[in-house]
Amino acid sequence: MKVFNLYIFDKYGTLMYYAEWNRTKKSGLTQEEEAKLTYGMLSSIKSFVNKLSPHDPREGFLYYKTNKYALHYLETPSGLKFVLNTDTNATNVKELLQQVYSKIWVEYVVRDPLWTPGTPVTSELFQTKLDEFIKQSPIFGLRNI
Amino acid sequence: MIIYGVYIVSKSGGLIFNLDNNVPRIEHEKTFTYPLDLMLDYNPKKVSVAFNRKDGINVGHVLVAVNGTQVNGATLEDGRDVKEVLENAENYPLNLKFSRPKMTTNEKIFLASMFYPLFAIASQLSPEPKSSGIETLETDSFTLHCFQTLTGVKFIVISETGLSGMDILLRKIYELYSDYALKNPFYSLEMPIRCELFDNKLQALLDLVEKTGTLNLDK
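For the protein sequence lines, the chains are A and B, in the order given.
Numbering follows the numbering used here, in which position 117 of the first sequence is assigned residue number 234; successive positions increment by one, without gaps.
Numbering follows the numbering used here, in which position 169 of the second sequence is assigned residue number 182; successive positions increment by one, without gaps.
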């Protein structure tokens with residue numbers, strides 16, 4: 118099992134943080150353009166899902182899969198969006214993303230006095246902790262370390 | 014197994030077939046006293062909830078009846094204006110019935126052409142080479158399964174979550190499409206499918222799958 122990359126967006130669509138692990142293909146865009154494309158696609162999916170849903174949606178979109186990867190999506194009540202690309206076999210990614218939010222984001226970004234909300238995260242402590250957390254997670258897989 | 018609907022999108026992104034199979038009717042009836050604690054949006058075409066929610070009535074739900082009288086657009090069946098009735102304190106208590114809006118054909122066409130770029134972007138943003146587009150898309154209330162043929166036609170099935178074997182169903186629908194739509198001499202490619210035989214066979218297939226699952230389908 119593999120983890121490819123992670124995007125964190127704030128509620129206005131600004132890319133707060135980007136990290137990648139086993140990514141083998143670039144999209145051929147700059148990071149900024151790629152982030153905008155991803156955010157645009159996700160907001161389209163969100164409205165698509167809301168219209169198509171036969172019941173009243175609560176959380177709405179959870180993930181999609183193609184034959185090569187799965188994109189998992191978690192949106193917090195404050196509008197912060199976590200997007201994690203993994204391979205298609207990964208399970209319990211929603212729980213993992215929730216932990217990234219509560220254990221890493223809240224601890225090392227929200228409580229960082231040097232961070233101004235709405236600006237990209239540059240904290241090295243956050244980067245190290247996130248990297249450690251993803252690498253020790255069961256879906257990262259031992260053979261990739 | 015519940016299958017909510019089947020859509021077929023042509024290679025140029027237009028909706029050429031759709032079937033609503035088992036769409037649940039979501040209706041909520043409640044007696045309100047003055048003043049009404051829901052913010053309503055009065056549109057000439059429909060009266061819908063703009064803010065607040067109560068006992069299952071959510072934002073976006075459309076007013077369908079007032080005291081058992083049907084609402085057509087923004088007027089009651091007996092010709093009175095909905096807004097005037099609802100804003101007059103003497104009329105209360107009022108029994109209002111709201112329902113989740115049904116998709117119109119226009120909205121379906123709009124959504125089908127919206128899926129096309131999503132499918133393409135998903136494959137462009139892939140972190141691995143040679144990825145296909147979206148195959149399954151899961152939400153908390155439904156799952157969308159998509160199968161794209163070599164010729165670019167997309168078959169989309171909307172079902173409840175947690176079902177397996179939907180790829181077999183999609184291939185079966187492809188088989189029906191090739192047998193009863195493509196082989197129909199009156200059918201021209203890329204045009205909406207209006208073939209009675211196709212409709213009947215597809216309905217029979219969906220009924221079978223809903224009752225017994227996909228295990229009994231021959232591959």
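By construction, the Cβ of each residue, glycine as well, lies at the ideal position given by its N, Cα and C atoms.
The structure displayed is predicted, hence computed values, not measured ones.
Coarse secondary structure for residue i, derived from DSSP in three states
i, result
"B:N31", "strand"
"B:K224", "helix"
"B:S144", "coil"
"A:N167", "helix"
"A:D173", "coil"
"B:L51", "coil"
"B:Y193", "helix"
"B:T44", "strand"
"B:E100", "helix"
"A:D204", "coil"
"A:T233", "coil"
"A:T155", "helix"
"B:T118", "helix"
"B:N85", "strand"
"A:I221", "helix"
"B:N213", "helix"
"B:V62", "strand"
Beta carbon of residue i nearer than 8 Å to that of residue j
i, j, result
"B:D126", "B:G26", "Here residue 126 of chain B turns out to be Ser, not Asp, going by the sequence shown. A contact, by the Cβ cut-off of 8 Å."
"A:V227", "A:F243", "no"
"A:F250", "A:V217", "yes"
"A:T239", "A:K119", "no"
"B:N80", "B:N101", "no"
"B:I39", "B:I206", "no"
Closer than 8 Å to chain A by CB, residue i
i, result
"B:D68", "no"
"B:N65", "no"
"B:V36", "yes"
"B:E141", "yes"
"B:E151", "yes"
"B:M204", "no"
Distance, residue j Cα to residue i Cα
i, j, result
"B:A87", "B:N65", "20 Å"
"A:F126", "A:Y186", "20 Å"
"B:D180", "B:L99", "49 Å"
"A:F178", "A:Y190", "7 Å"
"B:K214", "B:T227", "16 Å"
"B:V60", "A:N206", "45 Å"
"B:K110", "B:K143", "50 Å"
"A:I262", "A:S219", "Reliability of the predicted coordinates at A:I262 is poor, the pLDDT of 43 falling under 50, and the value obtained from them is presented with this limitation in mind. Straight-line Cα distance between these residues: approximately 24 Å."
"A:K163", "A:L132", "18 Å"
"A:L188", "B:L202", "34 Å"
"A:P174", "A:N167", "7 Å"
"B:E103", "A:L169", "39 Å"
Sequence-distant residues of the same chain with beta carbon closer than 7 Å to residue i, five excluded per side
i, result
"B:C208", "Y193, A194, N197 and Y200"
"A:Q148", "Y135"
6 Å Cβ shell around residue i - same chain, five flanking residues per side excluded
i, result
"B:K96", "Y55"
Closer than 8 Å to chain B by CB, residue i
i, result
"A:N202", "yes"
"A:L247", "no"
"A:Y180", "yes"
Beta-carbon proximity list for residue i, same chain, < 8 Å, skipping 5 on both sides
i, result
"B:D91", "T82"
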